[in-house]
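Visitor:
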Amino acid sequence: MVKMEYTFGPTDALYEETVRTFILLISLMLLPTMTWANSGEEKADESAGPVIEYVEMKPKFTVNLAEPKKYLMLNVQLLVEGAEHVEKVKKSTPVLRHEMIMMLSGMQSADLQTMEQREALRMKTKQLITDLLTKMKNSDGFRDVFFSEFLIN
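Mind the numbering: the sequence shown is residues -15 to 137 in our numbering, read in order.
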């Protein structure tokens, strides 16, 4: 009878190292998946807070300025907090658009050239919208107004 002893040679050590490396790589590949799965729970907690949404007043405003052949093109975004307030503001958009067109049309292009003048117009617009929404009892969620496009031609 022949007795065989098996000793670990260099190829077996290499095999064990390869298996360990493979398991480590698989674990690392699954780590982002587990993190992503847990992030859904955090998002559910975050969604319990107030919804903040930018409401774009479509279409863009295009109004004639006081000078002949001069116009202002303006894209307006309203910052609204709370899902129920977003819907109220959206329903008030026609009134807001009308009043903004009345305010913007007939302005002088010289009054809209500097950053300070444009910021003053933004603040005047914010006050106008706040006053209108307050009058309609819809101002609770309105926070701010932003011009995402501003062109004078």
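For glycine and all other residues, C-beta sits at the position ideal for the given N, C-alpha and C.
#1: Give the DSSP-derived three-state secondary structure of K53 in the structure shown.
#2: When you compare only the Cα positions, how much space is there between K74 and F126?
#3: Is the beta carbon of V47 sitting closer than 8 Å to the one on I85?
#4: Under 8 Å Cβ to Cβ from D128, same chain only, skipping five residues before and after it: list those, please.
#5: State yes or no: is the C-beta of L56 within less than 8 Å of the C-beta of L112?
#6: Ignore the nearest five residues each way along the sequence and tell me which others in A67's own chain have a CB closer than 6 Å to its CB.
#7: Starting from K44, follow the alpha helix (DSSP H) in both directions and report where the run begins and ends.
#8: Less than 8 Å between the C-beta atoms of I136 and S89, yes or no?
#9: Output yes if chain D places a C-beta closer than 8 Å to the C-beta of F134; else output no.
#10: Which residue wins for smallest C-alpha separation from L80, given the options E37, Y(-1), Q101 and T118?
Guide: Taking the coordinates as given:
#1: coil
#2: 11 Å
#3: yes
#4: Closer than 8 Å at the Cβ level, and outside the excluded window around D128, lie L62, L63 and K110.
#5: no
#6: V35
#7: It is not in any alpha helix (DSSP H) - K44 instead sits in the beta strand (DSSP E) that spans I36 to N48.
#8: no
#9: Included in the structure is just one protein chain, with no chain D present.
#10: T118
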